[in-house]
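Participant: Each residue of the sequence shown is one higher than the one before, starting from 15 at the first, in my numbering. Cβ coordinates follow ideal geometry from the N, Cα and C atoms, glycine included. Mind looking over this structure? Questions follow.
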Amino acid sequence: GAALLLAVAALALWPSRGFSPLGSIFPRTIGIGLLLSGLAALVRALRGRGARSRGIARDGLLRSACLVAIMVLWTVLLERAGFVVTSAGAFFLIALVADREPVTPRRLALFAVASVVVVTAFELLFVRALHVQLPHGALI
């Protein structure tokens, strides 16, 4: 667990070196939080106080694998398809995978609307207010 957190922290922090000072705030904040969490988990593990494995239920493992796959696809498609399209799709799929309620047309519509509203709000915040360029891609 600690090694994974430290690796993800490095993946978040390393690319932020080339970002503008304002553009690097978010990835550095997340990266530093992950780094501190990883270090705390490492210290706990070395002191013998690490989390005891209780196992992951099959359902939880499948959901976790789907979430990782969605995030990998988001990363791969971000430059090609653009921030808005890729992020709205990822948001929708993550909501679908994370929700444990039965899938209904109403829930699908709610996820679709929420994904468009949230991603559009983030796009407006970053591009218009913070002046951070987000990938446009071929679709948008």
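Going by other Cβ atoms of all chains shown within 10 Å of its Cβ, with 16 needed for buried, is T100 buried or exposed?
Facilitator: Looking at its Cβ environment, which holds 16 or more other Cβ atoms inside 10 Å, T100 is buried.
Participant: Which residues mark the beginning and the end of the alpha helix (DSSP H) in which G103 is found?
Facilitator: Start and end: 97-112.
Participant: Can you tell me whether R61 is helix, strand or coil according to DSSP?
Facilitator: Of the three classes helix, strand and coil, the one that applies to R61 here is coil, per DSSP.
Participant: Along the chain, where does the alpha helix (DSSP H) containing V127 start, and where does it finish?
Facilitator: Element bounds for V127: 119-137.
Participant: Around the Cβ of G45, are there at least 16 other Cβ atoms within 10 angstroms (buried) or fewer (exposed)?
Facilitator: Buried, by the Cβ-count rule.
Participant: I'd like the span of the alpha helix (DSSP H) that includes L20, first residue to last.
Facilitator: Counting along the chain, the alpha helix (DSSP H) containing L20 begins and ends at 16-27.
Participant: Could you tell me which of P119, G15, A83, F125 sits nearest to A54, measuring between CA atoms?
Facilitator: The option with the nearest alpha carbon to A54 is G15.
Participant: Quick check: the segment 119-138 against the segment 77-85, are at least 3 beta-carbon pairs closer than 8 Å?
Facilitator: Short answer: they don't touch.
Participant: Excluding five sequence neighbours on each side, which residues of the same chain lie with their C-beta closer than 7 Å to the C-beta of F125?
Facilitator: So the qualifying residues of the chain are F106, A109, L110.
Participant: Near A143, which residues of its chain fall below 8 Å by C-beta distance, leaving aside the five closest residues on each side in sequence?
Facilitator: Same-chain partners within the cutoff: there are none.
Participant: Here's the rule: buried if 16 or more other CB atoms are within 10 angstroms of the residue's CB, otherwise exposed. What is A17?
Facilitator: So A17 ends up on the exposed side.
Participant: What three-state label does DSSP hand A152 in the structure shown?
Facilitator: The answer is coil: DSSP assigns A152 none of H, G, I, E or B.
Participant: In this structure, does DSSP put V82 in helix, strand or coil?
Facilitator: Of the three classes helix, strand and coil, the one that applies to V82 here is helix, per DSSP.
Participant: Is V127 buried or exposed, if buried means 16 or more other CB atoms sit within 10 Å of its CB?
Facilitator: Exposed: under 16 other Cβ atoms inside 10 Å.
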